[in-house]
Structure formats: structure tokens, C-alpha cells
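Numbering (our numbering), first residue to last: 1 to 187.
From the three backbone atoms N, C-alpha and C, an ideal C-beta is built for every residue, glycine too.
Here the structure is a predicted model, which means the values were calculated and not measured.
Following: one structure in C-alpha cells, then a few remarks.
This is how it looks when you write it as C-alpha cells:
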């Protein structure tokens with residue numbers, strides 16, 4: 001299921017697991033295939049367009065939503081918006097709202113862990129996610145033989161399940177890193 005995180009009035013966070021990522025009943029018409037992950041959870045394969053449409057519907061339905069990412073302001077957010085526009089899908093939310101130093105509904109852990117002044121050296125060096133995961137004792141999603149650079153190769157070789165598992169490991173590791181930052185470094 002989909003895990004959502006909501007911010008409470010006291011600035012703490014709560015987790016909410018949804019039974020399905022579908023926001024309408026037409027998912028069965030648009031699913032191309034269904035896989036069962038080793039965890040027994042279902043993984044639905046669909047077109048990129050439909051996946052993006054569902055993503056934007058979720059953000060609209062759960063507005064305001066707090067996004068958590070690692071380097072999401074530099075990659076994920078602009079990529080999702082630009083890719084959607086190329087597919088003629090209008091985003092329901094501007095993921096780049098705010099300024100470089102102030103975007104209250106998005107926690108980008110790379111900015112937080114470099115104190116918004118990442119440099120090429122020193123304590124605020126912009127290390128990659130694998131480094132921070134290992135440093136904080138979190139199982140790195142890359143430890144199991146796949147990373148973002150290998151996704152196109154895995155896709156062309158039909159290794160969709162491996163890509164899905166990598167993505168889920170990445171989400172879990174990002175959430176685990178967020179919980180550490182939230183408890184020990186968030187002021």
C-alpha cells in the first residue's frame with residue numbers, strides 16, 4: 001500500500017498506510033500487469049502517463065501534503081513536472097514552490113544534512129544518498145546490486161520486479177533517514 005506522512009499541528013509527523021494507491025476505480029482498466037513482491041504486496045505496472053496522472057491526483061487529494069526527498073529539489077521535483085508536461089499532463093501542484101532556503105511543504109534531506117550550504121569539502125560536503133544511508137546505519141538501496149544508473153539497463157532486460165524492489169528500498173531508506181533527521185537535527 002501507499003504510505004503517507006502527515007504533519008501534525010505540533011510539527012510532528014504521523015504515518016498513514018492506504019490500502020491502494022488508486023484514487024479512482026478505473027485502475028483495473030489501466031493496469032498493464034500485476035506483480036507480487038516477495039513481501040506479498042502487489043505491484044501494478046501501468047503506463048508512465050497513468051502513473052503520473054495518479055501521482056498528481058494523490059497530491060491534489062491530500063493537499064496540503066508534505067514531501068520528503070533526498071535531492072528532490074534538484075532532481076525529482078523538476079523531473080516530475082517537466083516529464084508530466086512532455087506527456088501533456090498538468091501537475092496539480094507546483095513542486096518547486098518556495099525559495100532555495102524556504103520551502104515548508106518539502107523536506108529535502110540533502111539540504112537539511114548540509115545545512116543549506118553544501119560544498120565540495122568539509123562537514124557540509126554534498127555526499128550522495130548511499131554515503132548518508134551507510135553513515136547512519138541504514139541499509140542502502142544500492143547495496144543489492146542496482147542503483148539509478150542501472151535502471152535503464154534493467155528495464156530493457158525486463159527486470160521490472162528488481163526495479164520496483166530497488167525503488168521501495170530507496171523510499172524506505174529515505175523515510176528512515178528522515179526519521180533520524182527529524183528526531184536529532186530538526187529544530
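Roughly how far, in whole angstroms, is the beta-carbon of residue 35 from the beta-carbon of residue 45, given that I think they are within contact range, below 8 angstroms? 7 angstroms
In terms of DSSP beta bridges, what is residue 100 paired with? In DSSP, residue 100 forms no bridge with anything.
Could you say if the segment 75 to 82 and the segment 92 to 103 meet the contact criterion of at least three C-beta pairs nearer than 8 angstroms? yes
Coil, strand or helix - residue 166 by DSSP: helix
Where the alpha helix (DSSP H) through residue 156 begins and ends: 151 to 156
Assuming the contact rule is C-beta atoms closer than 8 angstroms, residue 178 and residue 129 should be a hit. Round their C-beta distance to whole Å, please. About 12 angstroms separates the two Cβ atoms, so there is no contact after all.
Sorted by chain position, which residues of the same chain lie with C-beta nearer than 8 angstroms to residue 185's C-beta, five sequence neighbours on each side aside? 112, 113
Spatial distance of residue 135 from residue 141 (CA atoms): 13 angstroms
If you reduce the DSSP assignment to three classes, tell me which class residue 21 lands in. Because residue 21 carries a pLDDT of 44, less than 50, the predicted location of this residue cannot be relied on, and the following value inherits that uncertainty. Coil.
Do residue 138 and residue 173 have their C-beta atoms within less than 9 angstroms of each other? yes
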